[in-house]
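Participant: This structure is in structure tokens; I'll ask about it shortly.
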Amino acid sequence: MSSLSLTRVKIYRTVARQLHGLVPCWICREPVSLVDATLEHIRPLVDGGSSHIENLAISHRACNHARHAKAAAGT
């Protein structure tokens, strides 16, 4: 398992503990299961963002991909 995958699980579990099991998607605000959770860079790496905890948020896999597709299309 990669270190980013371990970080994803650790962040998810920490947030779940703090919010009594309900982890909201950073993008759509709907609950995210651990299986569907991805780490989203709030400020993308290509825009100078980092992989530090302050710049990472949990999102649905579909929301994460849609956000990146929208950014790639320039909208």
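Everything in the sequence shown is counted per full-length UniProt numbering, starting at 1 for the first residue and increasing by one. For every residue, glycine included, the Cβ atom is placed at its ideal position computed from N, Cα and C. Computed from a predicted structure; not experimentally measured.
#1: Of the residues L22, D36 and V23, which one's Cα is nearest the Cα of H65?
#2: My output table needs one value for V22: the three-state DSSP class, helix, strand or coil.
#3: Would you grab the beta carbon distance between L56 and L39 for me? Rounded to a whole angstrom, and I think it's under 8 Å.
#4: Helix, strand or coil for H65, going by three-state DSSP, please let me know.
#5: Among residues of its own chain, excluding the 5 on either side of residue 91, which ones have a beta-carbon nearer than 7 Å to its beta-carbon?
#6: For a test of the three-state rule: what should DSSP assign to L39, helix, strand or coil?
Facilitator: According to the data block:
#1: D36
#2: The sequence given here places Leu at residue 22; Val does not occur at that position. Here L22 sits in coil by DSSP.
#3: 5 Å
#4: helix
#5: There is simply no residue 91 to check, as the chain begins at 1 and stops at 75 in what is shown.
#6: strand
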